[in-house]
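Chemist: Heads up, the final residue of the sequence shown is numbered 539 in UniProt numbering, and it's a clean run with no missing numbers.
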Amino acid sequence: MSSDLNNFVIDEFPSKVSKKAAKESNFLDNKQNKHKLPDKDRRFMEEFKKNLPETRASTFKSAAASLVSGSTNKLRGVSVNTEKTRRERKLVKYTTSTDFKSTQGLKETQRMNLPILSSTSALEKKSAIDLSYKFFVGPGNNDTLVRNILSKKLGWIKTFTPHSANLIWTQLKEQSMFDLIPSGSERKPKKTDDKRQIYSNEEEASSQPQERMKVRIYNKLEWNKELASKKRLFYNMIAYYKSAGENPFKYIPLTFHIQEGAKDPSFADFVKKFNEFQREIPNDPHLNNCWIVKPGESTNRGIGITVCSSIEEVSKAVDEKVSMGSLKRTYIVQKYLYKPMLYLNRKFDIRCYTLVTIVNGLFNAYFYKEGYMRTSCQEFNMANIKDRFIHLTNDAVQKNSPNYGRFEDGNKLSYDEFQEYINTQLPNKINFKAIVYPKIRKIVQDTIKATYKKLDTRKRNHTFEILGYDFMLDEIYNPWLLEVNTNPCLALSGQYLASLIPAMVNDAFSIVLDPLFPVENPEASENINRFELIYSHRR
Numbered sequence: 001m002s003s004d005l006n007n008f009v010i011d012e013f014p015s016k017v018s019k020k021a022a023k024e025s026n027f028l029d030n031k032q033n034k035h036k037l038p039d040k041d042r043r044f045m046e047e048f049k050k051n052l053p054e055t056r057a058s059t060f061k062s063a064a065a066s067l068v069s070g071s072t073n074k075l076r077g078v079s080v081n082t083e084k085t086r087r088e089r090k091l092v093k094y095t096t097s098t099d100f101k102s103t104q105g106l107k108e109t110q111r112m113n114l115p116i117l118s119s120t121s122a123l124e125k126k127s128a129i130d131l132s133y134k135f136f137v138g139p140g141n142n143d144t145l146v147r148n149i150l151s152k153k154l155g156w157i158k159t160f161t162p163h164s165a166n167l168i169w170t171q172l173k174e175q176s177m178f179d180l181i182p183s184g185s186e187r188k189p190k191k192t193d194d195k196r197q198i199y200s201n202e203e204e205a206s207s208q209p210q211e212r213m214k215v216r217i218y219n220k221l222e223w224n225k226e227l228a229s230k231k232r233l234f235y236n237m238i239a240y241y242k243s244a245g246e247n248p249f250k251y252i253p254l255t256f257h258i259q260e261g262a263k264d265p266s267f268a269d270f271v272k273k274f275n276e277f278q279r280e281i282p283n284d285p286h287l288n289n290c291w292i293v294k295p296g297e298s299t300n301r302g303i304g305i306t307v308c309s310s311i312e313e314v315s316k317a318v319d320e321k322v323s324m325g326s327l328k329r330t331y332i333v334q335k336y337l338y339k340p341m342l343y344l345n346r347k348f349d350i351r352c353y354t355l356v357t358i359v360n361g362l363f364n365a366y367f368y369k370e371g372y373m374r375t376s377c378q379e380f381n382m383a384n385i386k387d388r389f390i391h392l393t394n395d396a397v398q399k400n401s402p403n404y405g406r407f408e409d410g411n412k413l414s415y416d417e418f419q420e421y422i423n424t425q426l427p428n429k430i431n432f433k434a435i436v437y438p439k440i441r442k443i444v445q446d447t448i449k450a451t452y453k454k455l456d457t458r459k460r461n462h463t464f465e466i467l468g469y470d471f472m473l474d475e476i477y478n479p480w481l482l483e484v485n486t487n488p489c490l491a492l493s494g495q496y497l498a499s500l501i502p503a504m505v506n507d508a509f510s511i512v513l514d515p516l517f518p519v520e521n522p523e524a525s526e527n528i529n530r531f532e533l534i535y536s537h538r539r
């Protein structure tokens, strides 16, 4: 490894101690020195060497873009003092070194067709590129998609450790990542009419690259359990609707939280309500006395959910002892929806997306204008409550059915396809986007109002999260909130999701990243961002 590359790798070490100790020629090539590194730096070094060809290529692109940008300004006759960081100067030196050109970097040079440097038009096109921002994407939940979207964003390159990243993206919430996000406000944003804009244009223009490199954002809310935990969501919504003078069970199914099994006082309340329904069944042939039991803590993918039709079955389910470290599992017992709306005699639910951003003390929530329906594989039948392919519409459950994808591509429907079904198959014809969509949007807005003070108690500077909301409709088009999911599935199961999900993630990044990490001469986008602001609060 050359001296230039040796120093570049050392500069990327998470540990300042290692940086200072490793400033000697070819330190990384000496195997005896490995034991001198902290574990996190040794892991980084091994990851860097494993990905050396790709890293060299990314390094070359970054340095070449800076050189191109500087050359363009000179051709235009503009007097520019190009302030490169210490690392950028090293990259320029390394990318012109014999060590770089004799390896994978030479192929990358050939592929990029460097003679275009002599073309003024090509230089002008390249001058907008400022590859000064880095993203880290951990494995899981279609990380390839997220990585590809970020790689196409002007001014972004990937890195292999979160410590050197401006954007950190992980599938699951990792507390150690929050240690990299400071509390308090780094810069006081100006007030603007457009609440998607975090800084004014003047502030963006005056931001120095060295300052911007200090900014880091993480794709998880530190206290997302206030929404994603089924028991916390239940208590938050109960408190909010009662304070607003509304009946919470107009928006969420009748629910009981059982903490101590069948001996819990809430279980006695459930039994009382169960018996009330049982007495009403002879008067209403559509009334069922089925209940869904699910873990009270954060779970998804249909894990731990059972459908019960007797007190004995519910008692057995809530008495199950499940250990979660020092805690024990609690249970949510929720009434099965009365007269659920069906699609071609099969059950379905609605998945929609919400983006929450917390940047420099500004809390914003956005609701995505598009979503989709998830259909079940079997015809609806309350006589067979143990068939999960009838009653659970989660993709993780349905994809195991032999009928998965038989009726709809990936068991998914767009809003427009559902509207066509309403127009052609249902007697009560309504406009879904005009009637149902605003009701769903209102409930989502209520969940944010109920929790915004709890989602950021430590006042982290920069965090955000894409959340998946699940709703069901009854036969008269009333939406019912079932749950909120952190880490919503990003799998492109079906042609419609292959279009919807990448667009949704890209729209989220446009809101979250573009104001916080500006680039010179950004390319104008013709796409309309489909996230709409539904709540904003300045702490």
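Ideal Cβ placement from N, Cα and C applies to all residues, glycine included.
(1) Whose C-beta lies closer than 6 Å to the C-beta of D507 among residues of the same chain, with five residues either side of it excluded?
(2) What is the DSSP secondary structure of K273, counted as helix, strand or coil?
(3) Would you identify the three-state DSSP class for Y235, choosing helix, strand or coil?
(4) Output the distance between the C-alpha atoms of S185 and D456, rounded to the nearest integer angstrom.
(5) Taking only the alpha-carbon atoms, compute the straight-line gap between A450 and N236 and give it to the nearest angstrom.
(6) Assign Y437 to one of three DSSP states: helix, strand, or coil.
(7) Taking the continuous beta strand (DSSP E) assigned at A365, which residues delimit it?
(8) Identify, in the order they occur along the chain, each residue of the same chain with its Cβ nearer than 6 Å to the Cβ of D319, setting aside the five sequence neighbours on each side.
(9) Leaving out five residues on either side along the sequence, give the residues of the same chain with a beta carbon under 8 Å from the beta carbon of I181.
(10) Which ranges does the beta strand (DSSP E) cover as unbroken runs of at least 3 residues, wholly within the region 386-414, from first to last along the chain?
(11) Quick check: D470 and E483, are their CB atoms within less than 9 Å of each other?
(12) Quick one: using the 10 Å Cβ neighbour count with 16 as the cut-off for buried, is E222 buried or exposed?
(13) Tell me whether S493 is buried or exposed, calling it buried when 16 or more other Cβ atoms sit within 10 Å of its Cβ.
(14) In chain order, what residues of the same chain have a beta carbon less than 6 Å from the beta carbon of M373, not counting five sequence neighbours either side?
(15) Secondary structure at R346, three-state DSSP: helix, strand or coil?
(16) Taking 8 Å as the line, does the beta carbon of Y415 fall inside it for any heavy atom of the ligand NAD?
(17) For F135, name the three-state secondary structure that DSSP assigns.
(18) Given a cut-off of 9 Å on the beta-carbon distance, is the pair K134 and I157 in contact?
(19) When the Cα atoms are used, what is the spatial distance from W480 to I358?
(20) On the three-state DSSP scale, how would you describe S183?
(21) Would a C-beta distance cut-off of 9 Å place V333 and F407 closer than the cut-off?
(22) For a minimum of 3 consecutive residues, which ranges assigned as the beta strand (DSSP E) are wholly contained in the region 313-339?
(23) Please state whether the Cβ-Cβ distance between Y496 and G410 is less than 9 Å.
(24) At the level of alpha carbons, what is the spacing between R458 and D387?
(25) Three-state secondary structure (DSSP) at M373?
(26) Report back the beta-carbon spacing between I443 and Y251 to the nearest angstrom; my notes put them in contact at under 8 Å.
Modeler: For this structure:
(1) As a working note, residue 507 is residue 507 in the sequence shown. Taking D507 as the centre and dropping the five residues before and after it, the same chain places the C-beta of N529, R530, F531 closer than 6 Å to its C-beta, in chain order.
(2) Within the sequence shown, numbered from 1, the residue matching residue 273 stands at position 273. Look at K273 here: in three-state DSSP terms it is helix.
(3) Here residue 235 refers to the residue found at position 235 of the sequence shown. Shown here, Y235 sits in a helix according to DSSP, grouped into three states.
(4) Locating residue 185 in the sequence shown gives position 185, counting from the first residue. Locating residue 456 in the sequence shown gives position 456, counting from the first residue. The predicted position of S185 is uncertain, since its pLDDT is 48 and thus under 50; a value taken from the coordinates is nonetheless stated next. Using only the alpha carbons, I get a separation of about 13 Å.
(5) Numbered from its first residue, the sequence shown carries residue 450 at position 450. Numbered from its first residue, the sequence shown carries residue 236 at position 236. Between A450 and N236, the C-alpha separation is close to 6 Å.
(6) On the sequence shown, residue 437 is found 437 positions in, with the first residue counted as 1. Y437: helix per DSSP, three-state reduction.
(7) Here the question's residue 365 lines up with position 365 in the sequence shown. Following the DSSP letters along the chain, one finds A365 inside the beta strand (DSSP E) bounded by residues 362-368.
(8) Here residue 319 is taken as the residue at index 319 of the sequence shown, counted from 1. Cβ neighbours of D319 beyond the five flanking positions: G261, A262.
(9) Translated into positions along the sequence shown, residue 181 becomes position 181. Taken in chain order, the residues that qualify are R216, I217, Y218, R460, N461, H462, T463.
(10) Counting whole runs of 3 or more residues, the region 386-414 contains the beta strand (DSSP E) stretches 412-414.
(11) Translated into the one-based positions of the sequence shown, residue 470 becomes position 470. Translated into the one-based positions of the sequence shown, residue 483 becomes position 483. With respect to E483, D470 sits close: the two C-beta atoms are nearer than 9 Å.
(12) Counting from 1 along the sequence shown, the entry for residue 222 is found at position 222. When all chains shown are included, E222 counts as buried.
(13) Start at 1 with the first residue of the sequence shown, and residue 493 comes out as number 493. Counting Cβ neighbours within 10 Å, S493 comes out buried, since at least 16 surround it.
(14) Counted from its first residue, the sequence shown places residue 373 at position 373. Around M373: F348, I350, L413, F418.
(15) Against the sequence shown, residue 346 aligns to sequence position 346. Correct three-state label for R346: strand.
(16) Questions concerning the ligand NAD fall outside what the structure shown contains, since it holds no ligand whatsoever.
(17) By one-based count along the sequence shown, residue 135 stands at place 135. Looking at F135 - three-state DSSP - the assignment turns out to be strand.
(18) Within the sequence shown, residue 134 is the residue found at index 134, counting from 1. Within the sequence shown, residue 157 is the residue found at index 157, counting from 1. Yes, Cβ-Cβ distance for K134 and I157 is below 9 Å.
(19) Numbered from 1 along the sequence shown, position 480 holds the residue referred to as residue 480. Numbered from 1 along the sequence shown, position 358 holds the residue referred to as residue 358. CA-to-CA, the gap between W480 and I358 works out to about 27 Å.
(20) On the sequence shown, position 183 is the one that residue 183 refers to. S183 falls in the strand class under three-state DSSP.
(21) Locating residue 333 in the sequence shown gives position 333, where the first residue counts as 1. Locating residue 407 in the sequence shown gives position 407, where the first residue counts as 1. Taking 9 Å as the Cβ cut-off, V333 and F407 do not qualify as a contacting pair.
(22) Fully enclosed beta strand (DSSP E) runs of 3 or longer: 331-335.
(23) Within the sequence shown, numbered from 1, the residue matching residue 496 stands at position 496. Within the sequence shown, numbered from 1, the residue matching residue 410 stands at position 410. It is a contact, given that the beta carbons lie within the stated cut-off.
(24) The residue labelled residue 458 in the question sits at position 458 within the sequence shown. The residue labelled residue 387 in the question sits at position 387 within the sequence shown. Each residue's alpha carbon lies about 44 Å from the other.
(25) Within the sequence shown, residue 373 is the residue found at index 373, counting from 1. Three-state result, M373: strand.
(26) Working through the sequence shown from its first residue, we reach residue 443 at position 443. Working through the sequence shown from its first residue, we reach residue 251 at position 251. Rounded to the nearest angstrom, the Cβ distance from I443 to Y251 is 5 Å, consistent with a contact under 8 Å.
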